[in-house]
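See below for the structure under consideration.
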Amino acid sequence: MKEIPFYKPFIDQREKTLINEVLDLEKANKVETLEKEFIKYTNCGDAISTVNGTAAMHLAMCALDLKRGDKIICSVNAFPSVAEVVRHFDAEPIFVDIDKDDFNIDIEQLESVLKNNKAKKLKGAFISHIAGQPAELSKIYELAKQYDIKIVEDATAALGATYNGQKIGSLEADITVFRFNPQSNNSVSSAGIMTTKDPELSERARLLRNHALVGDGWDKFGNLGYVYDVVDIGLKYNLNELNAAFAIGQLEKNESFIERRLEIADIYNRELASCPHVSTPIKKRDHTYAQYIIKIDKNRDNFAKELKERGIYTGLHYIPLHLLSYYKHKYNLRVNDFPKALSNYQQILSLPIYSSLSDKDVLHICDQIKEIAKNRV
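Dropping the structure here:
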C-alpha cells in the first residue's frame, strides 16, 4: 500500500551548501543575511528572527509591553500558541467566532467585541490568516484605528501571501509573525520571524530576544570587552546560524513552493468539485494554500480513518480554542458559544499539499476520497 504523508519538506543541495558553510566556519552571519533577505521579500520595515513561530508571537507580546489584566482579541479558530502567549502575561484572550467560508475571524463579531470592550484594558487583536488566505484586513485596519488598538498578524501559515497586491508583513499591522515550516510537527528545522515598521517595537524586540543584554563586545581597538549589562527581563529566542542557513534556503524557494501548491489546489478543486459529501475551499482573496481544507458533511473522523487505512494522512486546522480543556474551564466557555467555529470543526479535514507531492499522488488521493464518498449514505 502506498503511503502519502501529510507533509514532507523539500530540501535540495542549496540548504546543504548553506549549512556546510556554517559547519566549515565560512561565510558566517547567516542570521543577519536571513533577516535582510526577509525584509526584501516581504517589504517590511524590520525583521527579527527567532527560534520558532511561537517565540516570535511571545516576543511580539513582550514588545507591546503586554501586562496582567490586558485583553487581546483573537479568533477562536487558531493554533493554541496564539492564546497561549497572551496567557503567559496573565492577560486575557477574548475569542471571536469565524467567517464560515474562509475560516478567518468574523469581522462583524470583531466589531461587536470591540464595542463591548471599549476602554476595558483592550490592548489589541491577534489576527490569524488561516491556511494561507488572509483575513479581511482593510476593515480590520479601519477598526484598529477607530478603537485605538494594536494589530498583530499571525502569518505563520501565510508566508508569501498577498492582500490587494501587497505582501503580508508590508501592510498596516503593528507586528506580523511568521514561521518557515507550514507544518510545524513535520519540520527538520525551526525558525520564526517578527516583522514591524515601528522602530521602537523593533528595538525592544531585539533587546529582549537575547536576555536583554547590552554591551560593546569589542572595544574600538579590537580588544575583547568583558563588561555587559542586563536592562530588562529578557528571553533566549535568538536564532542560531544552522537554522538560519536552512531558513535562507527555504525562503529562496518560497515562491516556487506557493506556485506548486496552487497547481495542486487546482487539481483538488477540479477532481473534487462534484464529489458527494465533500466541499472544496472557498477562495475569497489571494490564497497560498499552506493547507488545503475540505469539508466532509458528516462523520469526518470516520472519513479520515478510512483515508489513513488507505495510506493517506490528513490534518485538522484547527480545534476551536474554546473546546480545549484549559480555556473551557478557565473562562467557563460552553460548546455552543461559537457556533460557526463549532460547525466548521465538525467537518473540516486538511489534505496533503506540499511541493514534493506529485500530480500522480494528488490524483490518487482524489480517487480514494471519491471512492470513500461514493459508498457513504
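First residue of the sequence shown: 119, per the working numbering; consecutive thereafter. Backbone N, C-alpha and C define an ideal beta-carbon position, used for all residues, glycine too. Predicted model, so just to flag it, every value in this text is computed and none were measured.
Extent of the continuous alpha helix (DSSP H) to which residue i belongs
i      : result
MET179 : 171-181
ASP157 : First, the residue type needs correcting, since residue 157 is Ile and not Asp in the sequence shown. 148-160 is the span of the alpha helix (DSSP H), which, as asked, contains ILE157.
LYS126 : Element bounds for LYS126: n/a, residue is neither H nor E.
SER230 : 225-234
Run of the beta strand (DSSP E) containing residue i, from where it starts to where it stops
i      : result
GLY310 : 310-314
TYR410 : 410-414
ASP164 : 164-168
LEU467 : 466-469
VAL214 : 210-214
LYS241 : 240-246
GLU254 : Looking at the DSSP string, GLU254 is not in any beta strand (DSSP E), and its letter there is neither H nor E.
Beta-bridge partners of residue i, as assigned by DSSP
i      : result
SER199 : BP columns for SER199 are empty, so no partner.
VAL270 : PHE244 and ILE293
VAL348 : LEU331
SER473 : Paired residue(s): none; SER473 is not in a bridge.
GLN284 : TYR281
LYS189 : GLU210 and LEU240
LYS354 : ASN328
Whether residue i touches residue j by CB criterion (8 Å)
i      : j      : result
GLN465 : LYS413 : yes
ASP316 : ASP292 : yes
GLU389 : ILE490 : no
LYS189 : LYS233 : no
ILE248 : ASN170 : no
GLN409 : SER468 : yes
LEU326 : PHE296 : no
LEU184 : LEU228 : no
SER246 : VAL214 : no
GLY310 : THR168 : yes
LEU439 : PRO198 : yes
ALA181 : ARG322 : yes
ALA363 : VAL140 : yes
LEU177 : MET312 : yes
THR280 : GLY287 : no
GLY370 : ALA146 : The residue you asked about is not Gly; residue 370 is Glu in the sequence shown. Taking 8 Å as the Cβ cut-off, GLU370 and ALA146 do not qualify as a contacting pair.
LEU255 : ILE385 : no
ILE471 : ALA383 : yes
Contact with chain C by residue i, beta-carbon distance below 8 Å
i      : result
VAL480 : Judged by its chain identifiers, the structure shown contains no chain C, having just a single protein chain.
Residue i beta carbon near the ligand MG (any heavy atom closer than 7 Å)
i      : result
GLU155 : Absence of the ligand MG from the depicted structure is noted, as is the absence of any ligand whatsoever, leaving it without description.
Inset, instruction - Decide yes or no for the touch test of the stretch 322-336 against the stretch 148-155: beta carbon pairs closer than 8 Å, at least 3 of them. - result: With the rule of 3 Cβ pairs closer than 8 Å, the stretch 322-336 does not count as touching the stretch 148-155.
Legend entry - Inter-stretch contact (C-beta, 8 Å, three-pair minimum) for the stretch 344-357 and the stretch 435-453: no
Legend entry - Complete runs of the alpha helix (DSSP H) confined to the stretch 385-466 [at least 4 residues]: 418-427, 443-448 and 457-463
Inset, instruction - Would you check if the stretch 164-174 and the stretch 423-437 touch, i.e. whether three or more CB-CB distances between them fall below 8 Å? - result: no
Legend entry - Validate contact between the stretch 404-420 and the stretch 473-485 using beta carbons, cut 8 Å, 3 pairs: Cβ pair count under 8 Å is below three, so no.
Inset, instruction - Pair every Cβ in the stretch 263-280 with every Cβ in the stretch 133-146, then say whether three or more of these pairs are closer than 8 Å. - result: no
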